[in-house]
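Worksheet: the structure to be examined is printed underneath.
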Amino acid sequence: MSARDTSLGLRTDQPVPPVGWFSTGALGLVVVGGIILASYAPRVAPRGVATVLLCVAVALLAVSGVMLVRIESFAWRTFATVFKWALLAYVITSGMIEFAFVHDHTRGYSLVIVTLMLVVFALSVPTTIAFTVARFADPS
Amino acid sequence: MSDGTAVVGKSTQSGPPSDRAQIQVVPLAGLPVVAAAVVFVALSIGFNWEWGLMFNHVVGGGLWTGIDLFVGLVIGPILGRLSIPARAEFSARFMPKMVIIMPTVVMMTLATGFQVARQAGNLSASSPNHVWLIVSFCVVGVMAVIALGILEPANIAVLYEMNKPVPNGELIGRLMKRFIYTAGITGVMQVATLIIMTRLASR
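Note that the protein sequences, when read in sequence, are chains G and W. Per my numbering, residue 9 is the first one in the first sequence, and the count goes up by one each step. Per my numbering, residue 84 is the first one in the second sequence, and the count goes up by one each step.
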């Protein structure tokens, strides 16, 4: 697996595990879960579907994390730089959404589900962005 | 290897562009405006400020829809026909602004939209607008996954690639294609949003 095109001295597209697809899949599932919860507001949404979606999303995110750390040659410094700033941005966004739900008197189990979905949201987007940037960066 | 080397600054140079201006991936000058928008949205929600909620939702939504349609249906097709160096040069100036504008208008629109719907009674299952509201949630959900999972990562990856001493023009071209196609899809979905929102507002 050559990560470099030696004739140009450039790092080119290299085979990498589908980290981006898995983290985007996790994002998609929490978005669907969020739509289900929001469509029932202010009533209590059915917990089963939201819980299943959340569990699958957490599993996808965990798998993407495992695939990520198993990549042998990877631009970790670039990944960390992009990830931390993207994380800051999406923690603020998630905080705003959480604030809106709390303000609208979401409580109990529904609030726990919403909070965990927002945690997945706040982790999956920075993972996808940072991975997409770092996969084309020079590991050195 | 001239593709993508003339990204910003000296557009005629060939070879390693050592004196090429670095692209600021996140324009720092825009951050105070973003902070002001976040505070405005938070206060509007916190105090149930009807005008503030409506202002943020209408202004944010109008900008979001307008920018998406313009980029997806006007800028995108033009960009797709440009040479890779021309695309790269345009993107170097255009994309950093999108990095800061789009998340801000999306946050303004969505955070306040839910409150506006609650205040208007559209969240109630008995409301005649409830079905339209759910459809709008679904449209926004699809747009969010496309924008956050595909468009934004490609956008930032292009900017990082352009900041390298010798950018890979072929890679920039490929990532830009992703940007152009997904911007087209979200542009079409924004037409659906316009139909739904005007229908909701007129009932």
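Yeah, the Cβ is synthetic: ideal placement off N, Cα and C, and Gly gets one too.
Which residues in the same chain as residue i place their Cβ atom closer than 6 Å to its Cβ, once the five residues preceding and following it in sequence are excluded?
i: leucine 68(G); result: Phe30, Gly33, Ala34
i: serine 132(G); result: Ser31, Ala34, Leu35, Leu69
i: valine 290(W); result: Residue 290(W) lies beyond the residue range present for chain W, which begins at 84 and ends at 286; the question has no answer from this structure.
i: isoleucine 233(W); result: Thr265
I want to see whether chain W comes within less than 9 Å of residue i, judged by CB atoms only; does it?
i: proline 23(G); result: no
i: glycine 28(G); result: yes
i: glycine 36(G); result: yes
i: arginine 85(G); result: no
i: arginine 55(G); result: no
i: serine 81(G); result: no
Would you report the Cα separation of residue i and residue j, rounded to the nearest angstrom?
i: asparagine 246(W); j: isoleucine 44(G); result: 41 Å
i: alanine 240(W); j: isoleucine 137(G); result: 8 Å
i: tyrosine 243(W); j: threonine 101(G); result: 23 Å
i: alanine 200(W); j: isoleucine 121(G); result: 22 Å
i: proline 25(G); j: isoleucine 79(G); result: 8 Å
i: glycine 28(G); j: valine 141(W); result: 33 Å
i: glutamine 107(W); j: glycine 73(G); result: 29 Å
If you measure from the CB of residue i, is any heavy atom of the ligand GDP nearer than 8 Å?
i: glycine 155(W); result: Looking at this structure, you won't find the ligand GDP or any other ligand, since it has none at all.
Note down, in chain order, each residue of its chain lying with its Cβ closer than 7 Å to the Cβ of residue i, except the 5 sequence neighbours on either side.
i: valine 124(W); result: Asn139, Met190, Met191, Ala194, Thr195
i: glutamate 263(W); result: According to the sequence shown, residue 263(W) is isoleucine rather than glutamate. Gly159, Leu162, Gly163.
i: isoleucine 183(W); result: Val109, Pro110, Gly113, Val117
i: serine 207(W); result: His213
i: methionine 226(W); result: Thr269, Met272
Going by beta carbon distance, what residues of the same chain come within less than 8 Å of residue i, once the five residues before and after it are set aside?
i: arginine 51(G); result: none
i: alanine 142(G); result: Phe82, Ala83, Trp84, Thr86, Phe87, Val90
i: glycine 17(G); result: Confidence at glycine 17(G) is low in this model, with a pLDDT of 38, below 50, so its placement is unreliable and no value can be given for it.
When you compare the CB of residue i with every CB in chain G, is at least one pair closer than 9 Å?
i: tyrosine 264(W); result: no
i: glycine 232(W); result: yes
i: glutamate 133(W); result: no
i: valine 116(W); result: no
i: glutamine 198(W); result: yes
i: serine 207(W); result: yes
Flag residue i as yes if its beta-carbon sits less than 9 Å from any beta-carbon of chain B, otherwise no.
i: threonine 136(G); result: In the displayed structure, chain B is absent; the protein chains listed are G and W.
Contact the segment 118-135 of chain G vs the segment 101-121 of chain W: 3+ CB pairs below 8 Å: no
Below 8 Å, how does it come out for the segment 146-156 of chain W and the segment 268-276 of chain W: are there three or more Cβ pairs, yes or no? yes
State whether the segment 113-122 of chain G contacts the segment 48-63 of chain G, with contact taken as three or more CB pairs (one from each stretch) at a distance under 8 Å. yes
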